[in-house]
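Have a look at the structure below before the remarks.
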Amino acid sequence: MSMIVAERLTKQFPGESRMAVAQVSFQVEPGELVVLLGPSGCGKTTLLKLVNRLYEPSAGTLLIEGVDVRSMPATALRRRIGYAIQQTGLFPHLRIEQNIAVVPRLLGWERQRIEARIDELLDLVGLPRSYRRRYPRQLSGGEQQRIGLARALAADPAIMLMDEPFGALDALTRTRLQDELLAIQRQLRKTILFVTHDVEEALRLADRIIVMREGRIVQFDTPLNLLTRPHDAFVRQLTGADDLLRHLSLMTVAMALTPGTPPASIANLPPLAPQDDLRTALVRLLATKAEGLPVGSNGQAQGWLSLAVLRQMLGEI
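Our numbering puts the last residue of the sequence shown at 1407; the count rises by one with no breaks.
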């Protein structure tokens, strides 16, 4: 059974002639990370808020695990769904342990279970347990986002909604948190809807991407297909597919090679050849969702192609 099913879901705000979300239909499978991508005002955040009923739909239906969300109280629904936003939403007057414990306490968890969960989540997001007694103002922006993620995961929800959670961070911190989210997702396999306007972030994180324009879904596809089979000129321009792939096709793996022994996590993956073009390498990396691929020829290892190095090169094209 699909985790989330939207059927002709529509939202039109009072006094507005244009629909913010216009009859969209899609399905999200259990354990899938789906990114909502599009320009400002395309409806991606509105669509996200329809899932946990922060906005009520004007028409259409939304099912979670086969149940219409309108058949359950909105507060009960939201307690079943994790929610992480750009501003973190942490309560400034509460300590970190109290922030993380908000939803479990609302759900009536026993104190011992809550205490154990706080430690577990701090470990999961890579922060020391000594942070329990700190206040949000005593943490950096990246640390606050980690706590926001921990709080969203606190009640172990099956679904996570993330609205540009890394958008206000510097590039280095943003990349680090993307890495950590991918690592957490490999471990927990939550169903995640993730909003961003950053194409690179979408391509890096998503199993599939919903591209939106003027309240409608233009294409719902894998990162690979968005780059290689864009539905129309809008998707092609949004992803920069033409320029990016044209440049990559003129560059070889040897130009981005990292000499030495590849990390153990990728050492047994099928290798690239040094003469392969970087477009081919990008397709392979997106398909495997690995941090890199070994490189060799005639049975001889020559090094590895790092996703981080390739991303750096893409930024310079």
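Every residue, glycine too, gets a C-beta built ideally from N, C-alpha and C.
{"Asked": "Going by the CB atoms, is the gap between Val1095 and Leu1153 shorter than 7 angstroms?", "Found": "yes"}
{"Asked": "Give the secondary structure of Leu1243 by DSSP, where H, G and I count as helix, E and B as strand, and everything else as coil.", "Found": "helix"}
{"Asked": "Which class does Gln1309 belong to by DSSP, given the choice of helix, strand or coil?", "Found": "strand"}
{"Asked": "Using three-state DSSP, classify Ser1396 as helix, strand or coil.", "Found": "strand"}
{"Asked": "Pick out the complete alpha helix (DSSP H) segments inside the segment 1206–1271, 4 residues or longer, and give them in chain order.", "Found": "1231–1243"}
{"Asked": "For Met1109 versus Gly1305, is the C-beta distance shorter than 7 angstroms?", "Found": "yes"}
{"Asked": "Return the CA-CA distance between Phe1256 and Leu1271, expressed in angstroms with no decimal places.", "Found": "11 angstroms"}
{"Asked": "Comparing alpha-carbon positions, which option in Arg1224, Leu1362, Ala1206 lies nearest Leu1383?", "Found": "Leu1362"}
{"Asked": "Would you report the Cα separation of Pro1360 and Ser1387, rounded to the nearest angstrom?", "Found": "11 angstroms"}
{"Asked": "From Lys1105 to Leu1212, what does the alpha carbon distance come to, in whole angstroms?", "Found": "A small correction: the amino acid at residue 1105 is Gly; Lys does not occupy that position in the sequence shown. Their Cα atoms are separated by approximately 45 angstroms."}
{"Asked": "Could you tell me whether the Cβ atoms of Ala1292 and Val1125 are closer together than 7 angstroms?", "Found": "yes"}
{"Asked": "Sorted by chain position, which residues of the same chain lie with C-beta nearer than 6 angstroms to Ser1148's C-beta, five sequence neighbours on each side aside?", "Found": "Thr1100, Lys1101, Gln1102"}
{"Asked": "Considering Cα atoms alone, identify which of Thr1378, Leu1217, Arg1236 is closest to Leu1314.", "Found": "Thr1378"}
{"Asked": "Between the C-alpha atoms of Leu1144 and Pro1320, what's the straight-line distance to the nearest angstrom?", "Found": "32 angstroms"}
{"Asked": "Look at the alpha carbon of Asp1367 and the alpha carbon of Ala1354, and state the distance between them as a whole number of angstroms.", "Found": "24 angstroms"}
{"Asked": "Excluding sequence positions up to five away, which residues of its chain have a Cβ less than 7 angstroms from the Cβ of Arg1298?", "Found": "Glu1122, Val1124, Phe1310, Asp1311, Thr1312"}
{"Asked": "Count the CB pairs spanning the segment 1201–1218 and the segment 1170–1182 that are closer than 8 angstroms, and state whether there are at least three.", "Found": "no"}
{"Asked": "Identify whether Lys1134 lies in helix, strand or coil by the three-state DSSP scheme.", "Found": "helix"}
{"Asked": "Excluding the 5 residues preceding and the 5 following Ala1164 in the sequence, name in chain order all residues of the same chain whose CB lies nearer than 7 angstroms to its CB.", "Found": "Arg1143"}
{"Asked": "Measure how close the beta-carbons of Leu1283 and Leu1251 come, nearest whole angstrom, since I'm counting them as under 8 angstroms.", "Found": "5 angstroms"}
{"Asked": "Evaluate the contact criterion for the segment 1232–1248 versus the segment 1215–1222: three or more CB pairs, one atom per stretch, below 8 angstroms.", "Found": "yes"}
{"Asked": "Going by CA-CA distance only, name the one from Trp1394, Met1093, Ser1107, Pro1129 that's closest to Ala1344.", "Found": "Trp1394"}
{"Asked": "Strictly by DSSP, which residues pair up with Val1141?", "Found": "Answer by DSSP bridge pairing: none, since Val1141 is not bridged."}
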